[in-house]
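Read through the structure below, which is laid out as structure tokens, and then see the notes.
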Amino acid sequence: MVKIMIADDQQLIRESLKIILDSDPSFEVVKVVGSGQEVLDSLKTESVDIILMDVRMPNMSGVDCTRIVKKEYPNIKVIILTTFDDDEYIYDALKYGASGYLLKGCSLEELSSAIHSVLSGGACFNPNVAGKVAQFFSQMANSNSEFSFEHEEDFDLSDTECKIIAQIGHGYSNKEIAQKLGFSEGTIRNYLSVILDKLDLRDRTQLAIWYLSRGNK
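In terms of our numbering, the sequence shown is numbered consecutively and its last residue is 367.
See below:
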């Protein structure tokens with residue numbers, strides 16, 4: 151059973167999401183809150199697997215809340231679920247560790263798929279957002295930002311590691327990559343740990359962004 155927290159300052163939206171998600175037997179919405187501070191307060195007593203986080207909430211934005219959640223509870227996944235697809239929100243949410251960015255117009259099927267994908271180690275983006283992610287980080291790759299890199303050979307990546315990076319860049323989970331490449335999931339996890347260390351990245355979301363930023367598709 152996937153334990154979900156919904157954070158949205160509009161009561162109608164958060165209650166509606168709860169009803170919809172609770173209709174799926176694999177989900178349990180254990181908490182609905184209306185602000186980032188309520189998220190942090192609730193996490194002191196509630197155990198959750200994933201948070202659906204709105205961006206604009208009173209006192210503390212969903213982006214700032216994501217930063218604190220990922221620092222204090224790194225195993226909890228965060229999907230930004232909002233009506234806003236502003237570049238700054240997208241960048242900051244991913245920079246602070248969100249595993250996905252969806253717009254509220256997405257279908258239940260899309261949301262359900264995104265939740266399962268993120269919990270399996272993948273990342274998810276609304277189609278309208280995915281293009282901005284690729285474009286934005288492509289620009290960053292050519293700037294003096296933390297995502298700027300020089301030459302592929304500097305990273306000493308093996309052929310297998312490059313294949314795994316490509317699969318992650320296309321959104322595949324560890325299980326799917328293991329099946330495609332003929333390894334166990336544990337082996338893929340070990341490879342991923344080494345790859346992140348070599349590239350000095352925090353998680354697979356940043357790795358996928360790194361892959362896209364280098365002009366790959």
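The C-beta atom is built at its ideal place from N, Cα and C for all residues, glycine as well.
{"Query": "Test item: CB-CB of Ser185 and Asp159 under 8 Å", "Result": "yes"}
{"Query": "Rounded distance between the beta-carbons of Met203 and Ile240, thought under 8 Å", "Result": "The Cβ separation is near 13 Å, so there is no contact."}
{"Query": "Rounded C-alpha distance that separates Val120 from Ser308", "Result": "Since the first residue of the chain shown is 151 and the last is 367, residue 120 is not available in this structure."}
{"Query": "Reduced DSSP category for Asp274 - H, G, I as helix; E, B as strand; rest coil", "Result": "First, the amino acid is wrong: residue 274 is Cys here, not Asp. Of the three classes helix, strand and coil, the one that applies to Cys274 here is strand, per DSSP."}
{"Query": "Cross-strand partners of Asp253 (DSSP beta bridge)", "Result": "The amino acid occupying residue 253 in the given sequence is Leu; Asp does not appear at that position. DSSP, once it has assigned bridges, lists Thr232 as partnering Leu253."}
{"Query": "Alpha carbon of Ile201 to alpha carbon of Asp242, nearest angstrom", "Result": "17 Å"}
{"Query": "Exposure label - Ala273; buried when at least 16 CB within 10 Å", "Result": "buried"}
{"Query": "Nearest candidate by alpha-carbon position, reference Tyr361, set Gln329, Lys330 and Gly319", "Result": "Gly319"}
{"Query": "Contact set for Arg354: own chain, Cβ-Cβ below 7 Å, skip 5 residues either direction", "Result": "Gly271, Ala273, Ile318 and Leu342"}
{"Query": "Beta-carbon proximity check, Tyr251 vs Val213, cutoff 8 Å", "Result": "no"}
{"Query": "Alpha-carbon spacing of Leu253 relative to Val205, whole angstroms", "Result": "11 Å"}
{"Query": "Beta bridge counterpart(s) of Lys227 as assigned by DSSP", "Result": "Ile200"}
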